[in-house]
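This report concerns only the one structure given below.
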Amino acid sequence: MRRILTKIDGWSSSPVSVVGASGTRVLLGFVGLMYYISQYGDRAFLFGPASILPWQEFTDRVAENGSFSLYAVSSSEAWFQIVFHLGLIAALLVMLGVGGRLGLAIHWVFLWSIYERQTVLLDGGDNLAYLVIPMLLLTRCYDRFSFPSGIGAKMVNRLPGQIRATATPLHNLGVLAIALQICLVYVVSGLYKVQGKMWQDGTALFYVLRVPEFSFPSLSHLVYENDFLVFSGTYVTVLFLVYFPLGILVPALRPWAAVMSIGFHLGIGLLMGLTGFALTMVACDLIFLSRGLEEAVAYGAGRLQKARSHRLEQSSAGGNPGSGEYPSPEPVASGKAG
Amino acid sequence: MPLTPTKVKYYSQVNDVMQPYMAQNWMLFAPDPLSDERGILSRARCADGAVTDFYDVTGPHVQKVQGDRFFPPRINRLVSGAVMQLDSSDPVLQRLRDTEKEAKKKQLPLLPYEKTSREQAERFLSRYSLTQMPGVRAGRPAAVQVRVYVHELPPWSQRKNESAKGSTKYQDLSWREFGTLT
């Protein structure tokens, strides 16, 4: 009993996966931003008051579902443009780490609103995004890769100590909720697949990769014309999905399960063109790769620092730019490096 | 979750809690992935009774998606989603109809909500087609008709047979008057 209490005490006083949660927030912000950018040219046709889904029909559906959407507030063109562009800016700020968790909550409101405006465009990635963002609100996902304004820290300092003490348990609870959610996604989709004849036969990849909507003309045929790749790809997919939670439960296997999942989803993104879905899944996998992500960022920062110092040394060794035979090729860059 | 007796028993209560903000669907190309090419063609009827040729509404957008791997535009999903909606049903009803079909019994007719859903999808496809046919909208068409096609790609057993092309089934939706769509 004492060991259990010690474990609970330790778990509620030491935050887990802070870097991972921050990475999840950055990537979800990026995917949200790209949702706006990739539909930018068609925004009036898809989401505007004169959209292909008439505004009145849309508001009726929102009311019927007991939901809400900022796009349902007014049928004016100006309102639509304001909401759309504010949503785009909110997503950008989440990606850049500006605005804190209040900004993340605002991003969710805008994202939910645009999803409701045209539900037929959505896929599993969007579904996961609107589920995970509220969980992310519990976490310290702005501790890294962000530009803190200091306002949040000042406000937190004014809170009573008892409330501030809940920050770490709430963070860990949020991380746990995301981990459980991603395990649920894998297991349920794996269970659906084991019921399908094509997945049982080991031929599902052959069929799905030929559908024009999900086909990459110069690459897909290399997979679906190869019997071994089709069989192994289909069976490994099902086995991986069903057993993913076991990989997560065993600490030694956890990073490998997450890396495999990232590779699997990047493959889906490339071969099937489902970039938003793939990157949303990768974003959630980062929860399990906090240490690896921290090491990768530290390594990248170290290399960058080294390159900058090397450049500085070279520019100072070159002496006065005006004294040589040729002018300095990069006076601006040299100035920046300094 | 896949269809189980527990799901059937508690679906309503769970649904009340989960909808709309925690709704989840993780079928993700399962139980059977999409294995055919689906799309629509459409044609318009002018006020003088002249009828245009069928126009491929789906093709141009699918080509755009194939040419863009990095966050391709999703506009093609307007058609694929609505085509799926035409025949979408509750899993329990679907299983019941499949059993009736196997036993060569008369199948359960569409329920009122299924009829509404189908009607919405048909109207949507007709309205969308009108915006896609070059020059037709400006020519003030009187009506539009959508043809849904399903091209069954050659099966696994025919994968080495280069002459195998598969088969295509068509379903013509009813003509829709222009005034009822806008």
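If you read the protein sequences in the order shown, they are chains P and Y. The first sequence: position 247 = 247 (this note's numbering), numbered continuously. To convert, take the position in the second sequence, counting from 1, and add 1000; that gives this note's numbering. Yeah, the Cβ is synthetic: ideal placement off N, Cα and C, and Gly gets one too. Predicted model only: the values in this text are computed from it and were never measured.
- prompt: First and last residue of the beta strand (DSSP E) that includes A945 (chain Y)?
  reply: Since the first residue of chain Y shown is 1001 and the last is 1182, residue 945 (chain Y) is not available in this structure.
Test item: CB-CB of A129 (chain P) and G32 (chain P) under 8 Å: Against the first sequence, residue 129 (chain P) aligns to sequence position 129. Against the first sequence, residue 32 (chain P) aligns to sequence position 32. Closer than 8 Å, so yes.
Residues near S290 (chain P) in its chain [Cβ-Cβ closer than 6 Å; skip 5 each side]: Within the first sequence, residue 290 (chain P) is the residue found at index 290, counting from 1. Counting only Cβ-Cβ distances below 6 Å, and skipping sequence neighbours, we find S17, V19 and G20.
message: Quick check on V1144 (chain Y) - is its C-beta less than 8 Å from some C-beta in chain P?
response: The sequence position of residue 1144 (chain Y) within the second sequence is 144, counting from 1. No, its Cβ sits nowhere closer than 8 Å to a Cβ of chain P.
message: For P15 (chain P) and A301 (chain P), I'd like the C-alpha separation in whole angstroms.
response: Locating residue 15 (chain P) in the first sequence gives position 15, where the first residue counts as 1. Locating residue 301 (chain P) in the first sequence gives position 301, where the first residue counts as 1. Roughly 24 Å separates the two Cα atoms.
Contact with chain Y by Y207 (chain P), beta-carbon distance below 8 Å: Position 207 of the first sequence holds residue 207 (chain P). It does; some Cβ of chain Y falls within 8 Å.
- request: For R308 (chain P), name the three-state secondary structure that DSSP assigns.
  value: The count along the first sequence starts at 1 and reaches residue 308 (chain P) at position 308. R308 (chain P) falls in the helix class under three-state DSSP.
query: Given that N1015 (chain Y) touches chain P, what residues does it touch there, using C-beta distances under 7 Å?
result: Translated into the one-based positions of the second sequence, residue 1015 (chain Y) becomes position 15. The contacting residues do not exist; N1015 (chain Y) stays about 12 Å from chain P at best.
message: So that I know if they touch, is there some Cβ in chain Y lying closer than 8 Å to that of A257 (chain P)?
response: As a working mapping, residue 257 (chain P) is identified with position 257 in the first sequence. A257 (chain P) does not count as touching chain Y.
message: Any beta carbon from chain Y within less than 8 Å of Q56 (chain P)'s own beta carbon?
response: The residue labelled residue 56 (chain P) in the question sits at position 56 within the first sequence. No, because no Cβ of chain Y sits closer than 8 Å to the Cβ of Q56 (chain P).
message: Counting C-beta neighbours from all protein chains within 10 Å, is the total for G150 (chain P) 16 or more, i.e. buried, or is it exposed?
response: Reading the first sequence from its first residue, position 150 is the one you call residue 150 (chain P). Exposed.
query: Using DSSP with H/G/I as helix, E/B as strand and the rest coil, what is Q1094 (chain Y)?
result: For the purposes of this step, residue 1094 (chain Y) is taken as residue 94 along the second sequence, with counting starting at 1. The answer is helix: DSSP assigns Q1094 (chain Y) an H, G or I state.
- request: For M1018 (chain Y), decide whether its Cβ has a neighbour in chain P, counting only Cβ atoms nearer than 8 Å.
  value: Mapped onto the second sequence, residue 1018 (chain Y) falls at position 18. Contacts with chain P at 8 Å (Cβ-Cβ) do not include M1018 (chain Y).
task: Give me the Cβ distance between V132 (chain P) and G190 (chain P), rounded to the nearest whole Å; I'm assuming they're in contact under 8 Å.
output: Position 132 of the first sequence holds residue 132 (chain P). Position 190 of the first sequence holds residue 190 (chain P). Not really, about 19 Å apart at Cβ, beyond 8 Å.
query: Apart from the five residues on each side of it in sequence, which residues of its chain come closer than 7 Å, Cβ to Cβ, to S67 (chain P)?
result: Within the first sequence, the letter at position 67 stands for residue 67 (chain P). Closer than 7 Å at the Cβ level, and outside the excluded window around S67 (chain P), lie E116.
Limits of the unbroken beta strand (DSSP E) element including A1044 (chain Y): For this step, residue 1044 (chain Y) is matched to residue 44 along the second sequence. Segment D1036 to R1045, the beta strand (DSSP E) holding A1044 (chain Y).
query: Where DSSP assigns a beta bridge to H1151 (chain Y), which residues make up the other side?
result: As a working note, residue 1151 (chain Y) is residue 151 in the second sequence. H1151 (chain Y) pairs with Y:E1037 and Y:T1168.
Chain P within 8 Å of Y1128 (chain Y), Cβ atoms only: Numbered from 1 along the second sequence, position 128 holds the residue referred to as residue 1128 (chain Y). Yes - at least one Cβ of chain P is within 8 Å of the one on Y1128 (chain Y).
task: Please go through the same chain and pick out, in chain order, the residues whose beta-carbon is closer than 6 Å to the beta-carbon of L176 (chain P), but skip the five residues on each side of it.
output: For the purposes of this step, residue 176 (chain P) is identified with residue 176 of the first sequence, where counting begins at 1. Hits under 6 Å: none found.
- prompt: Considering only residues of the same chain and omitting the five flanking positions on each side of E330 (chain P), which have a CB-CB separation below 7 Å?
  reply: In the first sequence, the residue the question calls residue 330 (chain P) occupies position 330. Any answer about E330 (chain P) is weak, because its pLDDT of 39 lies below 50 and its placement is not dependable; what the coordinates show is given next. Cβ neighbours of E330 (chain P) within its own chain (closer than 7 Å, five residues either side excluded): none.
field: Cβ neighbours of A258 (chain P) in the same chain (closer than 7 Å, five flanking residues each side left out)
entry: Position 258 of the first sequence, counting from 1, holds the residue named residue 258 (chain P). Cβ neighbours of A258 (chain P) beyond the five flanking positions: D285, F288 and L289.
message: Judging by CA-CA distance, which residue of Y:S1035, Y:V1148 and Y:N1161 is the nearest neighbour of K1169 (chain Y)?
response: Start at 1 with the first residue of the second sequence, and residue 1169 (chain Y) comes out as number 169. Considering only alpha carbons, the answer is Y:V1148.
message: Residues of chain Y with CB closer than 7 Å to the CB of Y71 (chain P), please, in chain order.
response: In the first sequence, residue 71 (chain P) corresponds to position 71, counting from 1. What Y71 (chain P) touches in chain Y: nothing, since even the nearest Cβ is about 15 Å away.
query: Curious, which full-length beta strand (DSSP E) runs of at least 3 residues does the stretch 109-148 of chain P contain?
result: none
query: Is it right to say R1140 (chain Y) is buried, meaning 16 or more other beta carbons lie within 10 angstroms of its own, or is it exposed?
result: Counting from 1 along the second sequence, the entry for residue 1140 (chain Y) is found at position 140. R1140 (chain Y) should be labelled exposed.
message: Once the 5 residues before and after Y35 (chain P) are set aside, which same chain residues still bring their CB inside 8 Å of it?
response: Within the first sequence, residue 35 (chain P) is the residue found at index 35, counting from 1. The answer, listed in chain order, is A91, L111, I114, D126 and G276.
message: Tell me which residue opens and which closes the alpha helix (DSSP H) that T24 (chain P) is part of.
response: Reading the first sequence from its first residue, position 24 is the one you call residue 24 (chain P). Note, T24 (chain P): alpha helix (DSSP H), V18 to S38.
message: Which residue wins for smallest C-alpha separation from W1175 (chain Y), given the options Y:A1164, Y:R1127 and Y:G1135?
response: By one-based count along the second sequence, residue 1175 (chain Y) stands at place 175. Residue Y:R1127 is the option with its Cα nearest to W1175 (chain Y).
Presumed contact (8 Å Cβ cut-off) between H171 (chain P) and L138 (chain P), rounded CB distance: In the first sequence, counting from the first residue as 1, residue 171 (chain P) sits at position 171. In the first sequence, counting from the first residue as 1, residue 138 (chain P) sits at position 138. The Cβ separation is near 6 Å, so the contact holds.
message: Counting only C-beta atoms, is I1040 (chain Y) closer than 8 Å to chain P at any point?
response: On the second sequence, position 40 is the one that residue 1040 (chain Y) refers to. Not closer than 8 Å to any Cβ of chain P, the Cβ of I1040 (chain Y) fails to qualify, so no.
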